[in-house]
Structures are given as structure tokens and as C-alpha cells.
Amino acid sequence: MCKEWNERMSDIDICKHWKKERPTIEYQPLNLLLFTIQCLSIHIADLDLFISTYTPQICILTGVGSKIKNPPNIPFYNWICQVGTNSFGGVAIIVHNSLKTRTILQASNFILLELTVLSEVVLIGAIYVPPGSSIPFNLLETNVSKKFYIFGDYNAKHAQWMCNTNNTSGNELKSWLDEKGYQLIAPTKPTSKRSEAVIDFGITNDATRWRSETIREGTPDHYPLYFETPLSLSEKGYFKKTNWKIYHFFLQNIS
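Be aware that the sequence shown starts at 0, since it is given in numbering that gives the first Met the number 0, and climbs by one per residue.
Below is the structure:
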């Protein structure tokens, strides 16, 4: 960039250099990031890093805190926010603006969106269950006639999903999953830094071909999770990604 400013280059050469080549991929999976951020105003740098590194089309945040009323602007993304029952709660879904979504339901610590991918309609949700609170199974059963994927911090521990101990919420969730025939989308490594526990995960009625990974980075007490989904955004297409290096370069030079 500096070379272009300081050397004589023709307009044609500059245009060729900065021309965007459209990728010719046949299949583009939808990727999702789950992050129990534990106060967005404190850990906003972590969010910026993970979005710029992993470029998910959907990012689900739990434990957002008071910043949920005034979220930061993220280029090419839209926020859907819901406050919680206390100053440490609240959930948000950050959606890339190339996606077609519609809000189905919002309740305390809960959001449910309808997402259209190609000709398929699925439900994507965000949930936060505070420690010692009951899991709102009535919300989880909303519109279950469709494929649904509800991610968040459930604070539910059970040996079934790689926890050392069971708690009340974990036992209740395990019984409910067995009764309904639903499944977990969960990593094999702990999501909490304070214990060997997997308490951040997704619940679905179809976990086929989902892949999950615990990202061992970040400053909060929870590790973020990266999910690669079987949902295809397009057969032949692309979605815009921010070139964060150029974006930060311009910010530094205009400030």
C-alpha cells in the first residue's frame, strides 16, 4: 500500500493489484463461534481477535453484561441482543449481513432465530443459564418441528459429556435429552478454565456432520468454541470478509 502511494503506478496497474478474485468453491459451509465472554466491555479485544481470525458467519455470545445495550460496530455483521436476569447475563447473536435471518423468539437470556440456507430453514439459538438456575426446557422446545441448534453456557455438568462430576442441571438435561431423543454438539476438551468441565455446547435434534473445537485462547474463564456445520451457504458463491489488517491500518492513519 505504501509503495503505491510513494511510487508512480498507473491506475490500471493499481486496479489489477487490488482486484478481488471470486473463489470458485463448490461448497461453502456455515461456521459458527460460541463465546461465553463474561462481560463484553472487558473482553472486547478477545471478540475482535476471534472474529478476525476465524471469520465465522455466526457468533453467539453469552454473559455479555451491560454492554449488551450498546454493542460495538463490527463491519459486515448485525447484532441481535437480549438482556438477562442480572448484570452478568444477557446473550447476543452476531450474524453476517449476507445471511437471511428472522427473529422467532426473545426471552430473558434467550434468542431464537430462523435462518434460511439455500432452500432449507433451520433454527439457531443462544442461551445462558446462570449457576443454580433451572434450564428453561419450554424455550428449548420452541418450534422443534424444524432442525434446531441452540448454543450457550448451560452450566450443566454430566459425565456423559466429559465432566468429572454431575450437578442437578446436568442430571435434568441428561434425562430430558434421553426422553426427547435430542443430541449434544460438544467438544471433547473442557470449555471452563476453572474446572475440567464442558458446560458450553449446543443442543440439537440432528448433530450429523457437525464438528466442534475448543479454542485454547482468550482472557475470560471460558474458552471459545468453533463449530463447522454441515449447512451449506451456497453451491457456488462467497461471502464478504473484512481484511482486518487493512482496516486497522486505515484506522491508525486517520486517527
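Ideal Cβ placement from N, Cα and C applies to all residues, glycine included.
Count the other CB atoms within 10 Å of the CB of residue i; is the residue buried (16 or more) or exposed (fewer)?
{"i": "I134", "result": "buried"}
{"i": "G118", "result": "Position check: residue 118 holds Ser in this sequence, whereas Gly was assumed. S118 should be labelled exposed."}
{"i": "I41", "result": "exposed"}
{"i": "V128", "result": "buried"}
{"i": "T228", "result": "buried"}
{"i": "I24", "result": "Residue placement at I24 cannot be trusted, given a pLDDT of 49 that sits under 50; what the coordinates show is reported in the next sentence. I24 should be labelled exposed."}
{"i": "D158", "result": "As written in the sequence, residue 158 is Ala, which differs from the Asp given in the question. Per the 10 Å Cβ criterion, exposed."}
{"i": "T218", "result": "exposed"}
{"i": "G88", "result": "buried"}
{"i": "T35", "result": "buried"}
{"i": "V143", "result": "exposed"}
{"i": "P55", "result": "buried"}
{"i": "L139", "result": "buried"}
{"i": "R215", "result": "exposed"}
Between the beta-carbon of residue i and the beta-carbon of residue j, is there less than 8 Å?
{"i": "L39", "j": "K66", "result": "yes"}
{"i": "I198", "j": "K156", "result": "yes"}
{"i": "L114", "j": "I103", "result": "no"}
{"i": "I184", "j": "G151", "result": "no"}
{"i": "S211", "j": "V116", "result": "no"}
{"i": "W175", "j": "F136", "result": "yes"}
Which partner residues of residue i appear in the DSSP bridge assignment?
{"i": "H95", "result": "Y76"}
{"i": "C58", "result": "L32 and I93"}
{"i": "E227", "result": "N30 and R210"}
{"i": "D199", "result": "D152"}
{"i": "T102", "result": "L112"}
{"i": "I67", "result": "None, per the DSSP bridge assignment."}
{"i": "Q81", "result": "V90"}
{"i": "H221", "result": "S191"}
State the start and end residues of the unbroken beta strand (DSSP E) segment that holds residue i.
{"i": "Y127", "result": "E119 to Y127"}
{"i": "T115", "result": "F109 to V116"}
{"i": "D152", "result": "F147 to D152"}
{"i": "I50", "result": "Segment L39 to Y53 is the alpha helix (DSSP H) holding I50; no beta strand (DSSP E) there."}
{"i": "I184", "result": "Q182 to I184"}
Where do the N-terminal and C-terminal ends of the alpha helix (DSSP H) with residue i fall, by residue?
{"i": "E171", "result": "T167 to K179"}
{"i": "N204", "result": "That residue, N204, is in no alpha helix (DSSP H); it is neither H nor E in DSSP."}
{"i": "N137", "result": "F136 to L139"}
Checking contacts by CB at 8 Å: is residue i closer than that to chain B?
{"i": "Q27", "result": "Absence of chain B from the displayed structure is noted, only one protein chain being present."}
Using 8 Å as the cut-off, can you tell me whether the segment 179-195 makes contact with the segment 212-225, which would need three or more C-beta pairs spanning the two stretches below that distance?
yes
Stretch-stretch touch, CB-based, cutoff 8 Å, three pairs: the segment 57-66 with the segment 79-97:
Below 8 Å, enough C-beta pairs join the segment 57-66 and the segment 79-97 to call them touching: three or more.
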